[in-house]
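Residue numbers (this note's numbering), protein chains in the order written: chain A, 3 to 317; chain B, -2 to 277; chain C, 7 to 358; chain D, 130 to 273.
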Amino acid sequence: MQVYSEKIREAAKRLLSEKRVDAVIGFRRGTVPFMNEPFLAKTPEQADQFVWDGNCGINLANYLPKMTGNIAIAAKGCDSRSIVIHLLENQIKREQLYVLGIPCQAMTDKAKIQEKLNGRQILQAEDMGGTVRVSGRDFEQTFERADFLQQNCAICTHRNPVIYDELLGEPVKEQEIDRYEDIRKIESMLSEEKRLYFDDLIKPCIRCYACRNACPACYCPTCFVDESKPQWMGKTTDPTDTRTFHFLRAFHVAGRCTDCGSCERSCPVGIKMRMFTKKLEKEVKELYGYEAGVIQDQRPPLDTYRPDDPEPFLG
Amino acid sequence: MNNPYLPYPVRIDSVITETEDRNLKTFKLVFLDPEDEKKFSYTPGQFAILSVAGLGEIPIGIATSPTEQGFIKFTVNKVGKVTNHLHNMQAGDIMGVRGPMGNCYPWDLLEGKNVVIIGGGFAFTTLRSSIVYMIDPKNRSKFGKIDVVYGARFPGLLLYKDELAQWERRSDINMHITVDSSSDPNWKYNVGFVPAVTKQKAPSAENSYAIICGPPIMIKFTLPVLTELGFPPERIISSLEMRMKCGIGICGRCNIGTEYVCKDGPVFTLEQLSKLPTEY
Amino acid sequence: MSDIYIEKGNFIPGVIERLMGRYRVHGPVKNGRFHEFSLLKNAAEADLGFQNTRLSPKEIFHPQAERMFEFSLAKDDPQAGILKEADKDFSPRVVLGIRPCDAKAFQLDDANFITETIKDPWWARRREAATMIGLACDSPCPTCFCTSMGSGPYDTAGLDVLLVDTGDGYVAEVLSERGENTLLVTSGWSSVSSSVRASLADKKKAAERSIAGTFDPAAIAKREMLELYNSPIWEEVQFACINCGTCTFVCPTCWCFDIQEEVYEDKGERLRMWDSCMFPLFTLHGSGHNPRNQKTQRVRQRFMHKLKYYQDKYNSGPACVGCGRCVQACPVNIDIRQVGRQMASPDCACPA
Amino acid sequence: MSDWEPKIIAFLCNWCSYGAADLAGVSRFQYPANIRIIRLPCSGRINPKFILAALRHGADGVWVSGCHPGDCHYIEGNMYARRKFALLKSQLEYTGILEPGRLHFSWISSAEGTKFAEMARHVVESVKAAGPARHFIKKQAEVA
């Protein structure tokens, strides 16, 4: 995967020095293990800082709305789908964009690795592509990355960018996989069990809104949480308010969520909020045959209709 | 020590609609417990937090002067959730007041000086307080000349019209009331923007302080006029607005650099502001 | 004050149980992936083998959400619309196992909540009710930088007792009368053996050495406020920020709060809850004007407040104790150590 | 619990279902009095926030009704709405916020007074069967 780092730097330098773009969005090396920082390079020299590895899980499309000028952006599969959503929703113009497509080899879940280490502190982590070597004060250990992927990456079926101006590597093989095993498990529960499951899921929530703010699909000028006339919900960690928040947040990205996992990756308390969004994704796929951001000229499902749409809700 | 978050209960004694557009109303409030009135001892330039149970709180400048006893008054512009509700409240209704909050105009420095008061629109509330305070027979001798430039967009938007008329008749205060424009053929005061009228009336900067409150655009264009007249930055005083919650310098939102507007302000001299970030 | 020793087997559950008999005891408990401070239900819950908690223990003194006042809105109630203080528990409590950085943080917060003229009653009473029993850090996290912020793994600031883990037991350094009185209800202590005592200084040094230096807050204090405020660094620092409130919510020295009303049929209450300078709503005026409308302004506010404004306002060190929580929790890896370095040196080119 | 009567909020579109309620009234068709009507310009106006707000404020059931698809006064408002409704209902039930039987949707034209009364009876019966709502009502905040 390191080969992408070189290619991004090379492309960014070229685009910046040719003045093809004003800035390039990518990642630079983070200051703590398993973290990279989203980075905007405006000069060819700054472009030297770009890196790409298994710690680029934040969806860079999040930075696009309201950007001015010509922008190049490094985009893996899910980022590219979110870019398509932005284009459909007029958040950015296609001619402003230069997409550096990255066939994605999936992102690492640091929490899963940390769990294996029984509280030992990771001082360094080196992404070798297929494996990750982590070391601490008195240990060194190598993990197969395939066993420690972000859950959304493990079940991803669109690793290759759906839109790009330049592809920075050979396309990877797409997986054929059942994405909804866990959702069906919940569906089969009794109403009461479902309620308890989700209450438990969001119990640690501190309402910091990292999930909302990390989400490329969340760009409303005033979020429903912040509306005051009327105020739809309280701002404490009261369970009913927290439930209202998570429900509406998920609903608001229905048909627009690309399951990039930025929400879960950002959550400081480890909430698996994709359990909300993935159900909506499943419904949209089953009812309307739509996958968010996969086809460039297809309206998002809640922005269109067919005369013969199913009506399972009647009664 | 009293709980600084707990409002004193007050009863609305009367509500007066001040302006033609009905967006400004003056609420006269009476403390339910006379002891609370004693605790609420204030100086012109300070503000208070009005509290409506179930709706919330808002910071509002105190429009009355401590020389007026038995009640306090607040002139409230209808903008948000609390003020909209407040505008529907009536005499007899119960609400709350916390305060007084913040610093005040620097009365110790103003003593023995001429005072030029410049106000625009509905930012005239603490200026009214100051005028009433200064022209009180007990205080008038402490100050030199008093000049007041007060402007609104049109006559119907001027606050405290009865009092303005009274002050006009007095010889110990120079009133320069102005409007941006007027369709009233009987309008007998000035027409013109506040900066222009200030320039035209040219109050002397000699031994003087200027207090200026109003919309940002008015302040922006009046400051150069004051400088031209010879007012140094440390003698130009203004009062800032900011979103507030606690009003006592604890909740953290109203800072400009190191200063909390609610506690260290809202009154600052231009000189003080020049040393702070322009985040207001 | 004195040093005393206890074997671990006597501390958990013995000492904790005795304390629980007399006090509400808050201690570190493992909950899922992370540790958190919670009110202990039994002594065995306490896990003193933790690194540090994901959230700071500020919740103990400044709950994420708390009831301030209650009121009735019933038409026939003569007291309708008049706010009444909500009942609260201010009974004596022990904060057990708090890390020295966090204890120091609450001292810094005191400057905000308790002043000569105004006292936040709830913060003050909870602080007065608490005995702080700290636990020294022997294996600090790689993100720790307390030693640069005027604290340290064995710092005793804001503590009544400091426990040092000696392997088989704990040495308790009793630092205040309150600490001494609190430990009176416990038993099983003995004097510190000379060999253990001899090892303490080395342990402390080793712990301090294992923490890397970062930036010098005094250098930031010396710089002009407006020069820093107008510095070009903010443009680059802010890019990655997504304006979530994570850094502020996990931080022990972020105390900002919002006040909200909630109404349930004919009664209601005034609540306060954590707020964050990262949220645009934090400073939005009723008129629609927002003095910190841009992300750059909000990001700058957070770092300037911690590392510059606080130092200037209170003529003290920074409002940061180097716990490193924000570094660990930031979803986009904005690192206060890097920002501090840039703030400290006028011509620091850049990070990494 | 025998004397418990459910509170049901009905969001009715101005042009069809509200007319149907009117017609049911003037035609003196009997339907239970548990229904509190909120009139909307169109079923397309429904925002999930409205339904959650009703539930948070203690509604035991919610009923949304608009024009038949194809008959929308605004041509296609209800065509968009039904995609929202499909997702909303399944998501509310999936998350356990809503037990089955509490949320109802229908298309009723202004000529269908009888259908309105029938549907009202059906809604009330289902909500009665589901019992009083307990879980999603915003009560005094659970805070310190």
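Every residue, glycine too, gets a C-beta built ideally from N, C-alpha and C. A quick note: this is a predicted structure, and the numbers were derived from the prediction, not measured.
Amino acids of chain A, ordered along the chain, whose beta-carbon sits closer than 7 Å to that of C:Asp341: Thr33
Pair within 9 Å by beta-carbon distance, A:Gln4 and A:Gly131: yes
Sufficient close CB pairs (3 or more, under 8 Å) joining the region 116 to 125 of chain B to the region 55 to 71 of chain B: yes
Nearest to D:Met288 (by Cα), restricted to the options D:Phe158, D:Ser235, D:Gln269: Residue 288 of chain D lies beyond the stretch modelled for chain D, which goes from 130 to 273, so this question has no answer here.
So, using beta-carbon positions, are A:Pro312 and A:Leu282 closer together than 9 Å? no
Can a CB atom of chain D be found closer than 9 Å to the CB of C:Gln307? no
The alpha helix (DSSP H) enclosing D:Arg212, as first and last residue numbers: 206 to 223
Check whether the Cβ of B:Tyr2 sits closer than 8 Å to any heavy atom of the ligand HEM, and report yes or no. The ligand HEM is absent from the structure shown, which contains no ligand whatsoever.
Nearest-angstrom Cα separation, counted from D:Arg212 out to A:Val286: 9 Å
By Cβ distance, which residues of its chain are closer than 8 Å to D:Arg185, with the 5 residues on each side in sequence left out? Phe265, Ile266, Lys267
When DSSP labels each residue in this structure, what does B:Trp164 get in the three-state scheme? helix
DSSP-derived helix/strand/coil call for C:Asp318: helix
Minimum C-alpha distance to C:Pro69 - residue among C:Val21, C:Trp280, C:Lys228: C:Trp280
Three-state class that DSSP yields for D:Ala162 in the structure shown: coil
Residues in its own chain within less than 7 Å of A:Val23 by CB, not counting five upstream and five downstream? Leu17, Asn72, Ile73, Ala74, Tyr100
If contacts are defined as beta-carbon pairs under 8 Å, then C:Val167 and C:Gly185 qualify, I think. What distance do you get, rounded to the angstrom? 4 Å
Does the beta carbon of D:Lys218 sit closer than 9 Å to a beta carbon anywhere in chain C? no
Are the C-beta atoms of D:Leu221 and some chain A residue less than 9 Å apart? yes
Segments assigned alpha helix (DSSP H), at least 4 residues, entirely inside the region 122 to 195 of chain B: 122 to 132, 158 to 166
Specify, as a first and last residue, the run of the alpha helix (DSSP H) that C:Asp208 falls within. 200 to 215
Taking the alpha-carbon positions, what's the B:Pro221 to D:Phe179 distance? 52 Å
Buried or exposed: which applies to B:Thr72, given that a residue is buried once 16 or more other Cβ atoms fall within 10 Å of its Cβ? buried
Which residues of the region 74 to 90 of chain C have a Cβ closer than 8 Å to any Cβ of chain B? Give them in chain order. Met74, Phe75, Phe77, Leu79, Ala86, Gly87, Ile88, Leu89
Which chain B residues sit within Cβ distance under 9 Å of C:Val191? Within chain B, no residue comes near C:Val191; the closest Cβ sits about 31 Å away, beyond 9 Å.
In its own chain, which residues sit with a C-beta less than 6 Å from the C-beta of A:Thr144, not counting the 5 before and 5 after it? Thr133, Arg135
What separation, rounded to the nearest whole angstrom, lies between the Cα atoms of A:Arg320 and C:Cys283? This structure does not reach residue 320 of chain A, given that chain A is present from 3 up to 317, and the question cannot be answered.
Can you find the residues in the same chain that come closer than 7 Å, C-beta to C-beta, to C:Phe67, ignoring five residues on each side of it along the sequence? Phe112, Trp129, Arg132, Arg133
How about C:Glu267 and C:Ala92: are their beta carbons less than 9 Å apart? no
Beta-carbon proximity list for B:Val49, same chain, < 8 Å, skipping 5 on both sides: Val79, His82, Leu83, Met86, Met92, Gly93
Smallest Cα separation from C:Lys209: which of C:Phe221, C:Glu242, C:Gly158, C:Asp116? C:Gly158
Counting only Cβ pairs nearer than 7 Å, list the residues of chain B close to C:Gln303. Glu276
Can you grab the Cα-Cα spacing for the pair A:Met109 / A:Pro163, in whole Å? 15 Å
Taking DSSP as the reference, what is the three-state secondary structure of A:Leu18? helix
Evaluate D:Asp132 with the Cβ neighbour count: other Cβ atoms within 10 Å of its Cβ, from every protein chain shown; 16 or more gives buried, anything less gives exposed. exposed
Beta-carbon proximity list for A:Ile60, same chain, < 7 Å, skipping 5 on both sides: Pro40, Ala216, Ser264, Arg267
Kindly list, in the order they appear in chain C, the residues whose Cβ is closer than 8 Å to that of A:Gln123. Gln57, Ser145, Cys147, Pro148
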